Structures are given as structure tokens and as C-alpha cells.
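**Student:** This structure is in C-alpha cells; I'll ask about it shortly.
Protein chains in written order, with our numbering: chain X, 13 to 444; chain Y, 14 to 154.
Here you go:
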């Protein structure tokens, strides 16, 4: 079923017209209502009247995660706080999270986009949807929750973790749809296997997975182990949350809800648009959002766009599965981790420049993080228990900052490779 | 009575101890006693050498995490019950010990002790007239 056929199957001309009208309106609004955007536009000599067509989009300055951080917490909000009905946050490049605010209309728009996504995945109002994304500041849980209710399906808001309980509900409630990170569903599949529960005895038929990169191999693995159709959903809290785009049952790229988000692909080095169909960094301009409208927001995700009509009948442009990042952000068990966060924790603990190396591995289906830290002389103690306390202290501080569990290994000074340019801080051994 | 012991942080990987001994050997530094404390990830080499200050310098120059720790060396007769006698005294006088290691040669047994409070430990052992080695004796061994 197509939830909003008028939009999702619109001709390119009528979509462009709708996008143009909404873009012009958004630019006018942010110029007048958000000092931050007015300043940015004035710096490049732009006035709202300069933006008349979609081709004018490239004249606008980019927005980045750093801009959101610099205006922490609410500096990029375009409406008074009395209009904001919900706040979410994701991890930022340093200690501060990236904060986003939603108006009542934003929440409704988000629910609409998630509902469209669920329909793309083949979910109907007769389904029981087990939402195993985390509920809280993270957008996954509540995003899927509202979209499911909006569709009229039954939502099971179990949130993330507690695998035994997940399995119990899959069995007892007969959930037909599960939403979580792809690595977590593989973990559930493993536990099912250990418990000798045959996946075909479950009623599960569709899985909607996102919040971290996953490969076609992983998809095949999930589909085979759980005997379901595995659908990729994309989103980021800055732009909205899950449901910015989603695959249909043809699994041939994620349909972008482009009546709300205009996508562009740029070369991350030159910042110029790439040739149509080429891979580059995905950039979004939100054209209906009220809480935080974003103009040309750099997602750092690398992908390409497909404008051909999909077999499902939708004309919405599709984006391929993300191929990587143009920055050093790691996505570990759905959590964004920046090496700079680890650095700032270590800096707090010593006077000197910290030398560290992050190893990311995939053990079974769960990502693990090991941080090697050089033992500088000011850290070094002759006693084992002191060094073990130090390890524990670093581990505790890292875990409370990053929000994921890590192991810490002390290594000798100067064993971590120094480089003249940008230090190599991450060794990612995951085969995704 | 205080002896300077060298403590070196070592990762658990092959060849590290070998490298430390090579560096000390090339610098003409003799080792009188050592022990290694180990965990699954790392170890600490504790060593008594002929010239602790010079050893500290050469190891630092070779990028080892190293420091000097104050320990004492108790010398007792190499006979049954000698160690028990010393430990009973420390126990009764409530002198906590972080770690110790020992070596015996002929008539005598030497025990390197790292007490939490070095000065207090020396005081107690001297009160009971136990034999403590001077650093000059030990470094020459």
C-alpha cells in the first residue's frame, strides 16, 4: 500500500514545484526568524529573494553538526520554546550532544513520514510492531512508535535490550514486525538459535532496520536466519529521525520523502555538486520543519541518488545504502561515537597530549570497542592494583561519555604510531 | 637502608623483557635481582640494578614508562623459620606489605620488600635487630 499516493507517485514537475514553493517559504522564514541563519546568509551576500528556483539552492551556505553544537542547546531553534513539544538529542563531536526540537506539526510530519516508510516496507494496520529501538533522547524508539500508531498498527513499545523479553514477546504476542538496529536483530537471531527456537515458529515477517550501516550480506543473513524481509530505513535526528527515507519491498534503494527533505549530493572536498548518479556526500534541506529548519545540512553519509521510477510505482528519488562517512564518526550499536570524545576524556585525566587507538571489532554480531591508551609516566605506578584502578577509571569515564561499553588496554609509551598529519585513531575491523 | 628499585611498565608481548635487558646490558648496568608482576594485558618489571639513576635515564631515553620505587632488602639466615620470624614481626607491628620477592645464596637469603610505609618498616625491623642490606651492598651483588 502507498500511504500518500499523490505525493509519493507525483510527477517530477509537480514535485519540483512543491519543493520550490516550500524552499522559498523556508528561506524567508529562517532569514527573518533565526539570527544564526540571517548572519550566515548575510556573510555570503544573500537575501531571501535570491532563492527563486531549486537551482538557487546551491547558493545557500551549508549547515554542519558543528553549527548545531556552537549554538547549543537551543540556538538554532526557529520558534519560541512555547511552540516546542519535544526535544531529542544525539551525541556530538565532543562532550555536548546535538539537540533538536520539534513543534506539534513537526511531530505530525515525522509520524507521516514514518507511516509512509512502514507502508513501503509492506506493513499494514493489521500488524503488531515490536519497536526494539531505544526510547529516550535517541530518535529511533519514539520515531517508529508514532509512525506505527499513525498507521493504525499495534505498537509494542518494548525499547532496546533485554533479549529474553524480546523473544518472549515475539513468541507470546506474535509480533509480525520488528524495528531495531541490524546488529541487534542478528543478536536476537543468535539467542533464538541458542534457545533452540525455530524462527519459522514465530509470526515475524518484516524487519525495519537502521541507525547504523549494514551490508547486503548482513541483509541476506538476517533474512535467512529469521525468515523475514529486511528493510533499510534511514534518518538522522538533526534532519528529523528515522523515516527521512526508507526502502520499499523491492529493496532497490531508499525512497526519500522529498516533499519534506530536498537531497543533494556534493563532493566533500570541493563542496560542489557531483554529476548525476555519482557517489558523494548527502546533503539535506528541510522544507517543512518548524522547530529546526536546516538548510543544506551536511550528513557526512556517502551515497548516490537514483531518479528512475521504482517498480513499486513511487517516483520519490531513491538513495543507495550508505557507503561510508566523509568524517571520522563511528556508528557503534546505533550510537554515534567520535574519536574526539575519547580524546577529551583522556585529556581531562592528564596534563599531556593523550595517545590512544580505538579498535572496533564485530564479535558475533555485536560491535565491540577497545581503547588502547599509552601509559605516560605520570600515570605509571609500580603497583598492579593502581594500574588496574586507572584502567577502571578510564573505562568508567569513557562509558559514561560515549554511552557504550568499552574495554581499555594500557600500552607502553610511543607504541601507538605517530604521524605527521592527521593521526590515525581508529582501526575498524568490522566487515560490514 | 632504602633501596631504589626500578619499575618498568611492560606490555604483554614477546621480546619486551629481552629489549630491557639488552638496553641495560649495553649501558653496562648489572641486575642484582628482579621479579615480574603480570596481568593478562601488561606486566611490571621490578629490578634492582647497579646504577638505578643511569638505568632510569637510559630506559626513559628508549621510551619506556619507568620510575624508581623505594624498597628495603632484609637479609636473613638461609634456614627454616627465618622468614616466618621476620613476617611475624611485621604482622604484629601492623606493617602492610605491597609485594615482595626473594633470592637465597649459600648461607643467606635476601628478601626485597615494598612496604606501604618504607620508613616505618625500617624502624620496626631495626628495633628487632633484623639485618637490612644497604643499597651499596646490594647494588654490588
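We put the CB at the ideal spot given by N, CA and C, even for glycine. Bear in mind the structure is a predicted one, so any value in this text is a computation, not a measurement.
1) Just how far apart, CA to CA, sit residue 32/X and residue 296/X?
2) Just list the residues that DSSP pairs residue 56/Y with in beta bridges.
3) For residue 65/X, which three-state DSSP category applies?
4) Compute the beta-carbon to beta-carbon distance between residue 41/X and residue 327/X, rounded to the nearest angstrom, for a pair I have assumed lies under 8 Å.
5) Scan the stretch 379-407 of chain X for residues whose Cβ lies nearer than 9 Å to a Cβ of chain Y and list them as they occur along the chain.
6) Given that residue 422/X touches chain Y, what residues does it touch there, using C-beta distances under 7 Å?
7) Output needed for residue 101/X: all residues of its chain with C-beta closer than 6 Å, excluding positions within five of it in sequence on either side, in chain order.
8) Quick check on DSSP: helix, strand or coil for residue 379/X?
9) Under a CB-based cut-off of 8 Å, is residue 47/Y close to chain X?
10) Work out the CA separation of residue 188/X and residue 12/X for me, nearest whole Å.
11) When the distance is taken between beta carbons, is residue 49/Y closer than 8 Å to residue 85/Y?
12) Less than 7 Å between C-beta atoms, sequence neighbours within five positions excluded: which residues of the same chain meet that for residue 266/X?
13) Counting only Cβ-Cβ distances shorter than 7 Å, please list the residues of the stretch 69-97 of chain Y near chain X, keeping chain order.
14) In whole angstroms, what separates the C-alpha of residue 45/X from that of residue 55/Y?
15) With a threshold of 8 Å between beta-carbons, can residue 50/Y be considered close to chain X, or not?
16) Taking the alpha-carbon positions, what's the residue 218/X to residue 273/X distance?
17) If we ignore side chains and look at the alpha-carbon of each, how far apart do residue 349/X and residue 388/X end up?
18) Can you confirm whether the stretch 156-170 of chain X touches the stretch 137-146 of chain X when touching is taken to mean that 3 or more C-beta pairs between the two stretches lie within less than 8 Å?
19) Enumerated in chain order, which unbroken segments of the beta strand (DSSP E) with a length of 3 residues or greater are wholly contained in the stretch 314-367 of chain X?
20) Is the CB of residue 427/X under 8 Å away from at least one CB in chain Y?
21) So is residue 65/X buried or exposed if we call it buried at 16+ other beta carbons inside 10 Å?
22) What three-state label does DSSP hand residue 127/Y in the structure shown?
23) Pull up the DSSP beta-bridge partners for residue 142/X, would you.
24) Following the continuous beta strand (DSSP E) through residue 244/X, name the residue where it begins and the one where it ends.
25) Please list, in chain order, the chain X residues whose beta carbon lies closer than 7 Å to that of residue 111/Y.
26) Within the same chain, show all residues whose beta-carbon is closer than 8 Å to that of residue 113/Y, passing over the 5 residues directly before and after it, in chain order.
27) Residues of chain X with CB under 8 Å from residue 148/Y, in chain order?
28) In the DSSP assignment, what residue or residues form a beta bridge with residue 440/X?
29) So residue 47/X is in the beta strand (DSSP E); what residue range does that whole segment cover?
30) Around the Cβ of residue 91/X, are there at least 16 other Cβ atoms within 10 angstroms (buried) or fewer (exposed)?
31) Using a Cβ distance threshold of 8 Å, determine whether the stretch 113-127 of chain X contacts the stretch 153-164 of chain X, with at least three qualifying pairs required.
32) Do residue 227/X and residue 151/X come within 8 Å of each other at the CB atom, strictly closer than that value?
33) For the putative contact between residue 293/X and residue 277/X, defined by C-beta atoms under 8 Å, what is the C-beta separation to the nearest angstrom?
34) Quick check on the burial criterion: 16 or more other C-beta atoms within 10 angstroms. Buried or exposed for residue 195/X?
35) For residue 242/X, does the count of other Cβ atoms within 10 angstroms reach 16, so buried, or fall short, so exposed?
**Tutor:** Walking through what the data contain:
1) Locating residue 32/X in the first chain gives position 20, counting from the first residue. Locating residue 296/X in the first chain gives position 284, counting from the first residue. If I take the Cα positions, the gap works out to 14 Å.
2) Residue 56/Y sits at position 43 when you count from the first residue of the second chain. Answer is 23/Y and 51/Y, bridged to residue 56/Y.
3) As a position in the first chain, residue 65/X is number 53, starting the count at 1. Residue 65/X falls in the coil class under three-state DSSP.
4) Mapped onto the first chain, residue 41/X falls at position 29. Mapped onto the first chain, residue 327/X falls at position 315. Distance from residue 41/X to residue 327/X at the Cβ level is roughly 27 Å; contact not present, criterion being Cβ atoms closer than 8 Å.
5) Per Cβ criterion, the list reads 386, 387, 388, 389, 391, 392, 393, 394, 395, 396, 397, 399, 400 and 403.
6) For the purposes of this step, residue 422/X is taken as residue 410 along the first chain, with counting starting at 1. Against chain Y, the beta carbon of residue 422/X has neighbours under 7 Å at 54 and 55, listed in chain order.
7) Sequence index remark: in the first chain, residue 101/X carries index 89 (1-based). Once the five neighbours on either side are set aside, the close Cβ partners of residue 101/X are 109, 111 and 149.
8) Locating residue 379/X in the first chain gives position 367, counting from the first residue. It is a strand residue.
9) For this step, residue 47/Y is matched to residue 34 along the second chain. Output row for residue 47/Y: interface = no.
10) For residue 12/X there is no data in the structure shown, the boundaries of chain X being 13 and 444.
11) Sequence index remark: in the second chain, residue 85/Y carries index 72 (1-based). Sequence index remark: in the second chain, residue 49/Y carries index 36 (1-based). No; because the gap between Cβ atoms is not below 8 Å, this pair is not in contact.
12) Start at 1 with the first residue of the first chain, and residue 266/X comes out as number 254. Only 244, 246, 257, 258, 259, 330 and 331 meet the Cβ criterion.
13) Those residues of the stretch 69-97 of chain Y that come within reach of chain X (Cβ to Cβ, closer than 7 Å) are 76, 77, 78, 80 and 82.
14) What you label residue 45/X is simply residue 33 of the first chain in a count that begins at 1. What you label residue 55/Y is simply residue 42 of the second chain in a count that begins at 1. About 58 Å.
15) The sequence position of residue 50/Y within the second chain is 37, counting from 1. Judged by the 8 Å Cβ criterion, residue 50/Y is in contact with chain X.
16) The residue given as residue 218/X occupies position 206 in the first chain. The residue given as residue 273/X occupies position 261 in the first chain. Whole-angstrom Cα-Cα distance: 26 Å.
17) Against the first chain, residue 349/X aligns to sequence position 337. Against the first chain, residue 388/X aligns to sequence position 376. Roughly 25 Å between the two C-alpha positions.
18) In short, these stretches touch, since the Cβ pair count reaches three.
19) For the stretch 314-367 of chain X, whole beta strand (DSSP E) runs of length 3 or above, ordered along the chain, are 342-344 and 347-349.
20) Start at 1 with the first residue of the first chain, and residue 427/X comes out as number 415. With respect to chain Y, the C-beta atom of residue 427/X has a partner C-beta closer than 8 Å.
21) Counting from one through the first chain, the residue named residue 65/X turns up at place 53. Exposed.
22) Residue numbering aside, residue 127/Y sits at position 114 when the second chain is read from its first letter. The answer is strand: DSSP assigns residue 127/Y an E or B state.
23) Within the first chain, residue 142/X is the residue found at index 130, counting from 1. Residue pairing of residue 142/X in beta bridges, as defined by DSSP: 168/X and 190/X.
24) Working through the first chain from its first residue, we reach residue 244/X at position 232. 241-248 is the extent of the beta strand (DSSP E) around residue 244/X.
25) Here residue 111/Y refers to the residue found at position 98 of the second chain. Close to residue 111/Y, with beta-carbon spacing below 7 Å, are these residues of chain X in chain order: 395.
26) As a position in the second chain, residue 113/Y is number 100, starting the count at 1. Shown here for residue 113/Y: same chain residues with a beta carbon closer than 8 Å to its own, the five before and five after excluded, namely 124, 125, 126 and 127 in chain order.
27) Position 135 of the second chain, counted from the first residue, corresponds to residue 148/Y. Within chain X, no residue comes near residue 148/Y; the closest Cβ sits about 17 Å away, beyond 8 Å.
28) Counting from one through the first chain, the residue named residue 440/X turns up at place 428. Residue 440/X pairs with 372/X.
29) On the first chain, position 35 is the one that residue 47/X refers to. Not the beta strand (DSSP E): residue 47/X falls in the alpha helix (DSSP H), residues 47-55.
30) Along the first chain, read from residue 1 onward, the residue named residue 91/X stands at position 79. Around the beta carbon of residue 91/X, a 10 Å sphere encloses 16 or more other beta carbons of the protein chains shown; the residue is thus reported as buried.
31) Segment contact: the stretch 113-127 of chain X against the stretch 153-164 of chain X, three or more CB-CB distances shorter than 8 Å; contact assigned.
32) Counting from 1 along the first chain, the entry for residue 151/X is found at position 139. Counting from 1 along the first chain, the entry for residue 227/X is found at position 215. No, Cβ-Cβ distance for residue 151/X and residue 227/X is not below 8 Å.
33) As a working mapping, residue 293/X is identified with position 281 in the first chain. As a working mapping, residue 277/X is identified with position 265 in the first chain. Yes, residue 293/X and residue 277/X are in contact; Cβ-Cβ is about 7 Å, under 8 Å.
34) Taking the first chain and counting its residues from 1, the one referred to as residue 195/X is at position 183. Residue 195/X is classed as buried because its beta carbon has at least 16 other beta carbons within 10 Å across all chains shown.
35) For the purposes of this step, residue 242/X is identified with residue 230 of the first chain, where counting begins at 1. Result: buried.
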